[in-house]
Amino acid sequence: MIEISVYGRGGQGAVTLAELVALAAISEGKHAQSMPSFGPERRGAPVLAFLRVDERERIKIRSVITEPDVLVVLDPGLLEVGDVFSQLKEDGIAVVNTKEPHEVLKSKLNVERLATVDAMDIAKRVLGLPIVNTAMIGALLKATGIVRLESLDHQLEERFGKLAAKNKAAMVEAYNKTVVG
Amino acid sequence: MGRIVGLEGSFAVAEAVRMVNADVIAAYPITPQTHIVERLAEMIADGELDAEFICVESEHSAMSACVGASAAGARVFTCSAGQGLELMHEVLYIPSSMRLPVVAVAANRALSAPLSVWCDHSDAMSLRDIGWIQMFAENNQQAFDLTVCAYRMAEEVLFPAMVHIDGFFISHVIEDMELPAEDEVRDFVPDYEHPFVLDPDKPVSMGCYAPPFIYPETKKAQEVAFEATKSKILATWDEFGRAFGRYYSPVELYRMEDARIALLVMGSFSETAMLAIDEMRDAGEAVGLIRLRLWRPFPFAELRAAVKDIELLVVLDRAISFGMGGPVCSEVRSALYNLADRIPIISFIGGLGGRDISIAEFKYMIKRAQERVKEAGMEGAEMPEMIGIRE
């Protein structure tokens, strides 16, 4: 089982990210679970969402994730708020939306494995909105390969309707631009 | 044939209500039940469900509308949570006394104050005496299955039925589950005709005034009839199992073979508790899990059978009855008091207002219960202990 914690702020789509990837994983025949955190649900407030994917067994656990294999950070400002990385498993990977060059951020953070992308730039250009979740799905998929890119197509169409194409473009661009190392 | 889908718990409930082809839905949105109402309203607006959606101004009116519609012979649905169930409370006694098969889902939520939208069982515990069939789901599959079963049970026995799904932990979780084909569900829940439907051509009176010379007889009749629902509940679950391959029973056991100690839980933490039991079993400890599925009518016989070979019972409540302790535990104790060989029953209260309970905390409860019995015997079992509290 892979456990993923998604940190964002209300309005950035952390919960939607977890939901869409869970649905995509289930459509591939995997077992998956998305669970929102239980914090205040308003714009700007820190939001936490959980995502579990297991290729073999139904997922029983319904507790929060305390030692994630993957940490997705939608808002670089959250890096200042607290040390979210200390909970990451030793061989875990952090997937971060950042404007900083990969090596610069890596030297600042105490993580072994890091994936970075400027998702805000992509979201603003492609969607015309500062909502980074679909771009960060691309980054998460590049960093982990937990589901195939094309498995998201149907989920994006279901969720975003006529905005699906733009969101898919944002996801694919982020997938291609994400630096892992 | 069913198919595997990823579905939010709330949407799973809405699918069940759509598949049984409910006629009237009256509900007022409240977190964490909102997605159920929104999805049903959407289904009706999109023509996926041919039902009347009554936009009410409160939960009190929602249940009143359900009572009226059910008395007119409609298949009805409502859902609520927390404070909404409290506002509905007065009316909840009416369908059970008037023998109307209203079906409701509670997305369990803590009660104010302080304000909390998150899950515990405080709202469910305040509904213990409303005279409804009540059962608890542990995951999204069960939220669907039990909602379907609730219609079948309610309409066969002419009592209302409520399915408790934990707010957020089920209502807002997306996971994989099997969604049966609609015709299979329709076969299982056939059209029903209420035998005493409100009809101007064949007038009947319902919910009449009852002076002291008749009121107690009505209550005796209600209790006798309600106790008699048990066999239909069992038969419904048995038939559901044969039709869909998933079997439910009033008290469900997990790794209880040769167990000396049992943990009893209810609702969405059950499967997390199973993982704690697995770890303790792997470490050679003879522990098992008892899950209370049917809350009303209370499964006395099944519970007694479940504990007959154990030495210690640990009960987790997700609610507190102030000055009394854990409500589930006090009912479990009363169910087991008349046993010749009484065992210590240790009460824990946890998970209030959405607080998480980890695998480690479930293991702690079992360990701590053993210590308390060692320290103080039966007397040591008396007081509940709240877990995970920062002092």
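Keeping their order, the protein sequence lines are chains A and B. Our numbering puts the first sequence at residues 1423 to 1603. Our numbering puts the second sequence at residues 16 to 406. Ideal Cβ placement from N, Cα and C applies to all residues, glycine included.
So, is residue i buried or exposed, given that buried needs 16 or more other C-beta atoms within 10 angstroms?
| i | result |
| --- | --- |
| A:L1551 | exposed |
| B:G392 | exposed |
| A:L1527 | buried |
| B:C19 | Going by the sequence as given, residue 19 of chain B is Ile instead of Cys. B:I19 should be labelled exposed. |
| B:V212 | exposed |
| A:P1458 | buried |
| B:Y230 | exposed |
| B:I325 | buried |
| A:T1438 | buried |
| B:G17 | exposed |
| B:F151 | buried |
| B:G97 | buried |
| B:S95 | buried |
| B:E105 | exposed |
| B:G146 | buried |
| B:G21 | buried |
| B:F228 | exposed |
| B:A250 | exposed |
| B:Q48 | buried |
| B:A396 | buried |
How about residue i and residue j: are their beta carbons less than 8 angstroms apart?
| i | j | result |
| --- | --- | --- |
| A:K1604 | A:A1537 | Since the first and last residues shown for chain A are 1423 and 1603, residue 1604 of chain A lies out of range. |
| B:G369 | B:S25 | no |
| B:L367 | B:A125 | yes |
| B:A27 | B:M58 | no |
| B:S186 | B:H50 | yes |
| B:I180 | A:A1444 | no |
| A:H1453 | A:R1484 | no |
| A:G1432 | A:R1464 | yes |
| B:Y207 | B:E153 | no |
| B:I248 | B:L309 | yes |
| B:M60 | B:I69 | It is worth fixing the name first, because residue 60 of chain B is Ala in this sequence and not Met. It is not a contact, given that the beta carbons lie outside the stated cut-off. |
| A:A1440 | A:L1473 | yes |
| A:L1500 | A:P1468 | yes |
| B:I372 | B:F284 | yes |
| A:A1586 | A:E1579 | yes |
| A:V1495 | A:I1426 | no |
| B:R167 | B:V204 | yes |
| B:A316 | B:I305 | no |
Roughly how far, in whole angstroms, is the beta-carbon of residue i from the beta-carbon of residue j, given that I think they are within contact range, below 8 angstroms?
| i | j | result |
| --- | --- | --- |
| A:R1547 | A:I1515 | Contact flag wrong, Cβ pair sits at about 26 angstroms. |
| B:L354 | B:R319 | 7 angstroms |
| B:M177 | B:A121 | 6 angstroms |
| B:A258 | B:E199 | 7 angstroms |
| A:N1555 | A:Q1434 | 6 angstroms |
| A:I1424 | A:V1475 | 5 angstroms |
| A:V1539 | A:A1561 | 5 angstroms |
| B:Q385 | B:L331 | B:Q385 to B:L331, Cβ: 15 angstroms. No contact. |
| A:I1448 | B:D297 | With a Cβ gap of about 29 angstroms, A:I1448 and B:D297 do not count as contacting. |
| B:V52 | B:P44 | 5 angstroms |
Quick one: grab the DSSP three-state call for residue i.
| i | result |
| --- | --- |
| B:R319 | helix |
| A:L1549 | helix |
| B:I381 | helix |
| B:A122 | strand |
| B:R143 | coil |
| B:I69 | strand |
| B:I40 | strand |
| B:E170 | helix |
| A:N1519 | strand |
| B:A277 | strand |
| B:C409 | Not covered by the structure: residue 409 of chain B. The range shown for chain B is 16 to 406. |
| B:H209 | coil |
| B:Q149 | strand |
| B:R405 | coil |
| B:Y262 | coil |
| B:W310 | strand |
| A:R1581 | helix |
| B:M192 | strand |
| B:Y224 | coil |
| B:C134 | coil |
| B:Q156 | helix |
| A:V1428 | strand |
| B:G366 | coil |
Against chain D, which members of the stretch 186-213 of chain B pass a CB distance test of less than 7 angstroms?
No chain D appears in this structure, whose protein chains are A and B.
Could you tell me whether the stretch 272-279 of chain B touches the stretch 368-384 of chain B, where touching means 3 or more Cβ pairs closer than 8 angstroms?
yes
Taking one C-beta from the stretch 213-233 of chain B and one from the stretch 70-81 of chain B each time, how about it: are there three or more such pairs within less than 8 angstroms?
no
Are three or more beta carbon pairs between the stretch 282-299 of chain B and the stretch 226-242 of chain B nearer than 8 angstroms?
no
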